[in-house]
Amino acid sequence: MSVGASNPEYVNARVRSRRASLFADEDYRKLIRMGPSEIARFMEETEYEREINALGARFSGVDLIEYALNRNLAKHFDDLLDWSEGRLYDLVSRYLRKFDVWNLKTIIRGIYTETDSEAIQTDLIRAGELEDGTIDRLLEVDTIEDAVEVLSRTIFYEPLSDALEEFEETGALVPLENALDREFYEHLLEDISRGPGHEPQEGPEAKFVEFLQAEIDFRNARNALRLARSGADLDPATYYIEGGVLFDRADLNRLVADYDELVDHIEENKRYGDRLSGALGRLRDADSLIQFEHALDAALLEYSDTLSSIYPASVSAVLSYILAKEREVENIRAIARGREVGLDESEIEEELVIL
Amino acid sequence: MAKDVKPTRKNLMEIEDRIELSERGHGTLEKKRDGLIMEFMDILDKAQDVRGDLADDYEDAQKKINMARAMEGDVAVRGAAAALQEHPEITTESKNIMGVVVPQIESSRVSKGLDERGYGIMGTSARIDEAAEAYEDLLESIILAAEVETAMKKMLREIETTKRRVNALEFKLLPELYDGQEYIEQALEEQEREETFRLKKIKEKKEAEEKAEKEAEAAEAEAAEADQDDREDSQPDTAAQSPTANE
Numbered sequence: 001m002s003v004g005a006s007n008p009e010y011v012n013a014r015v016r017s018r019r020a021s022l023f024a025d026e027d028y029r030k031l032i033r034m035g036p037s038e039i040a041r042f043m044e045e046t047e048y049e050r051e052i053n054a055l056g057a058r059f060s061g062v063d064l065i066e067y068a069l070n071r072n073l074a075k076h077f078d079d080l081l082d083w084s085e086g087r088l089y090d091l092v093s094r095y096l097r098k099f100d101v102w103n104l105k106t107i108i109r110g111i112y113t114e115t116d117s118e119a120i121q122t123d124l125i126r127a128g129e130l131e132d133g134t135i136d137r138l139l140e141v142d143t144i145e146d147a148v149e150v151l152s153r154t155i156f157y158e159p160l161s162d163a164l165e166e167f168e169e170t171g172a173l174v175p176l177e178n179a180l181d182r183e184f185y186e187h188l189l190e191d192i193s194r195g196p197g198h199e200p201q202e203g204p205e206a207k208f209v210e211f212l213q214a215e216i217d218f219r220n221a222r223n224a225l226r227l228a229r230s231g232a233d234l235d236p237a238t239y240y241i242e243g244g245v246l247f248d249r250a251d252l253n254r255l256v257a258d259y260d261e262l263v264d265h266i267e268e269n270k271r272y273g274d275r276l277s278g279a280l281g282r283l284r285d286a287d288s289l290i291q292f293e294h295a296l297d298a299a300l301l302e303y304s305d306t307l308s309s310i311y312p313a314s315v316s317a318v319l320s321y322i323l324a325k326e327r328e329v330e331n332i333r334a335i336a337r338g339r340e341v342g343l344d345e346s347e348i349e350e351e352l353v354i355l
Numbered sequence: 001m002a003k004d005v006k007p008t009r010k011n012l013m014e015i016e017d018r019i020e021l022s023e024r025g026h027g028t029l030e031k032k033r034d035g036l037i038m039e040f041m042d043i044l045d046k047a048q049d050v051r052g053d054l055a056d057d058y059e060d061a062q063k064k065i066n067m068a069r070a071m072e073g074d075v076a077v078r079g080a081a082a083a084l085q086e087h088p089e090i091t092t093e094s095k096n097i098m099g100v101v102v103p104q105i106e107s108s109r110v111s112k113g114l115d116e117r118g119y120g121i122m123g124t125s126a127r128i129d130e131a132a133e134a135y136e137d138l139l140e141s142i143i144l145a146a147e148v149e150t151a152m153k154k155m156l157r158e159i160e161t162t163k164r165r166v167n168a169l170e171f172k173l174l175p176e177l178y179d180g181q182e183y184i185e186q187a188l189e190e191q192e193r194e195e196t197f198r199l200k201k202i203k204e205k206k207e208a209e210e211k212a213e214k215e216a217e218a219a220e221a222e223a224a225e226a227d228q229d230d231r232e233d234s235q236p237d238t239a240a241q242s243p244t245a246n247e
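Here the protein sequences come in this chain order: A and B.
One point on numbering: in full-length UniProt numbering, the residue at position 346 of the first sequence is 346, and numbering is uninterrupted.
One point on numbering: in full-length UniProt numbering, the residue at position 60 of the second sequence is 60, and numbering is uninterrupted.
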């Protein structure tokens, strides 16, 4: 609901208390030494109690942890949307659309592989803007065309309708998934920034824009590096997301052909160069992008944390909480899955992103 | 077996033919066995390499999928896997190595490009790419291992069969045939000797009979002569007593 005036003070007061209940470093240190069932029991005594108890009869082990984490995440982000009003609602909801994209991709993949709707439903994270009724109707349809029709009153209808033709030609989900992701990223900066040089220069919105630009730039950097490494015959422009400051379309087309030049380009960027220089240095010799992606995640989290300290009563603080909560969920899941598959403590610690 | 054969020349010739055939077969099978062993050793080296690669690829793939599941979540990994459109295809042909038909497995659409895996690139990460790539490599290794190890097993089975045949010829059939040949040869020689002896005996008997006959004849003749002489000695008296008797 985007009616009424923006209420960042109220939402931030609520968010601060939520933020205080996030796991601290010492909690992670305890969790790393536990097995999956001990982690579940530990979670039962924390913020995740209700979800663990609700799902305990249906799932066990790491699956229980993962589904409980997802459900808790959805509950918290849904609360954020309930509390927010006006402009704040608009800004928060457009960021939380990433969960709408997740849910739509999960449903489309489920329809594609003829998975039953109950199995699809368990994999959804209902933290986005789409209404439960719309998602329930999507779970009832049998074809992707019908699913697109169900979305007719949402922002996803147009891009999905456009991508549907290519899907029907090729039979691959790639155009549909890319259309959904692109829709999410391209709406992030809608009506805040009109491209480089036209964004707000100061105040909370300027920092907010800076953060969203970083998110877009990091996504472009990831995709460019993946394309450059894979050598796949793909048009880089198809995967370019507008709104960032790191690349323009022409840059990306040129740089994807030369991996070293691409790394140099990222390193030479004034905004991110210093922050990422260590990871970029390792990236030149490594045969994996994982560590670099890890560094991007850490940089983004650091970014959001800085923003919340500069403007504690703005949308940035809410966004910072969203990222911190997401990171907590990812860290707990990483520990539980890592313990399940027998990774040792140091290996798991390496994978965690903790501020 | 040797005693079961009738010791006839025909059987001897038959056995000699079988010996010749078996010896020739034995030589050929020995060469085949040696050839198969050499081919097998080559395949074994390859199989050992492939096994090593398979173990490495499996470990790598497991590690990467575990990391992807840990960091991206099981749901995300399953979701990306569900988006796969083109499933790998396997076709088998066969090739002949020294008479052994071994499979030749051709695979297609196993290794895929970033654009062929079905999931969107914008919303996924390098972890998913690397896990998918590691599993594609593992699948390639499994297919190669299946080909090489099936060939190896078939070769091994053929070597065993050939070895059993060579041994059966060398230690069972040929010795039995040699025994049979020797038995018939000895039996025939024995028969020959018996025949010679029998002929000799017949001859001796015949000679003895002839001799006895001759002696009997000689004795008869002698007796007749003596009888004649006796008669001639007694004739004048008889003639004087009965003149009609001489008429």
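All residues carry an ideal CB built from backbone N, CA and C; glycine is no exception.
In this structure Pro103 of chain B touches Thr150 of chain B by the C-beta definition: roughly 5 Å separates them, less than 8 Å. The Cβ atoms of Phe211 of chain A and Leu91 of chain A lie no closer than 8 Å to each other.
Taking each of A:Glu166, A:Ser60, A:Arg327, A:Ala214 in turn and checking the Cα distance to Phe247 of chain A, the smallest one comes out for A:Ala214. When DSSP reads this structure, Gln104 of chain B sits in a beta bridge with B:Glu93. Here Lys325 of chain A is buried. Its C-beta has 16 or more other C-beta atoms within 10 Å. Secondary structure note for Phe59 of chain A: it is in no alpha helix (DSSP H), with a DSSP letter that is neither H nor E. Annotation for Met122 of chain B: no alpha helix (DSSP H) segment contains it, and DSSP assigns it neither H nor E. For Val110 of chain B, no Cβ of chain A is located within less than 8 Å of the residue's own Cβ. From the beta-carbon of Thr154 of chain A, no residue of chain B is found nearer than 8 Å; the closest lies around 17 Å away.
In this structure, Leu104 of chain A places its C-beta atom within 8 Å of the C-beta atom of Phe156 of chain A. Judged by DSSP secondary structure, Val75 of chain B falls within the alpha helix (DSSP H) whose first and last residues are 74-82. Its Cα nearest to that of Val353 of chain A, the residue A:Asp305 stands out among A:Asp305, A:Leu139, A:Ser161. Taking a cut-off of 8 Å on C-beta distances, the stretch 132-140 of chain B does not touch the stretch 252-265 of chain A, as fewer than three cross pairs fall below it. Close to Gln85 of chain B, with beta-carbon spacing below 9 Å, are these residues of chain A in chain order: Tyr112, Thr170, Gly171, Ala172, Leu173, Val174.
In terms of beta-carbon proximity, Asn178 of chain A lines the interface with chain B, with at least one pair separated by less than 8 Å. At a cut-off of 8 Å, the C-beta of Ser288 of chain A has a neighbouring C-beta in chain B. Spatial neighbours of Ile143 of chain B in its own chain (CB-CB distance under 8 Å, excluding positions within 5 residues in sequence) are listed in chain order as Ile90, Ile105, Ser107, Val110. Taking a Cβ-Cβ threshold of 8 Å, the residues of chain A close to Leu114 of chain B are Arg226, Leu227, Ser230, Ala232, Leu234, in chain order. Residues of the stretch 115-140 of chain A that bring their beta carbon within less than 8 Å of a beta carbon in chain B comprise Thr115, Asp123, in sequence order.
Inclusion of Tyr321 of chain A and Val62 of chain A in the CB contact set at 8 Å is not warranted, their separation being larger than that value. In summary, the residues of the stretch 116-131 of chain B whose CB is separated from some CB of chain A by less than 7 Å are Gly118, Tyr119, Gly120, Ile121, Met122, Gly123, Ser125, Ala126, Arg127, Asp129, Glu130, in the order they occur in the chain.
Proximity of chain B to Arg182 of chain A at the Cβ level (cut-off 7 Å) is accounted for by Met122, in chain order. Pairing Val315 of chain A with Pro204 of chain A, the inter-Cα distance amounts to about 7 Å.
The three-state reading of DSSP puts Gln191 of chain B in helix, counting H, G and I together.
If you draw a straight line from the Cα of Ile43 of chain B to the Cα of Val148 of chain B, it comes to about 7 Å. Contact of Gly25 of chain B with chain A is not assigned, every C-beta pair being separated by 8 Å or more. Runs of the alpha helix (DSSP H) lying entirely within the stretch 18-74 of chain A, each at least 4 residues long, are 25-32, 36-44, 49-55 in chain order. Under the 10 Å beta carbon count, Pro236 of chain A is surrounded by 16 or more other beta carbons and is classified as buried. Not a single C-beta of chain B is nearer than 8 Å to the C-beta of Thr143 of chain A.
From the beta-carbon of Thr46 of chain A, no residue of chain B is found nearer than 7 Å; the closest lies around 20 Å away. Residue contact check for Gly338 of chain A against chain B: a CB pair falls below 8 Å. Taking a C-beta distance under 8 Å as the contact criterion, Ala70 of chain B and Glu351 of chain A qualify as a contact pair.
For Ala61 of chain B, no CB of chain A lies under 8 Å from its own CB, so it is not counted at the interface with that chain.
According to the DSSP assignment, Pro204 of chain A belongs to the alpha helix (DSSP H) that extends over 204-230. Residue contact with chain A for Gly79 of chain B: present (Cβ-Cβ distance below 8 Å to some residue of chain A). Look at Ala334 of chain A: its C-beta is under 8 Å from a C-beta on chain B.
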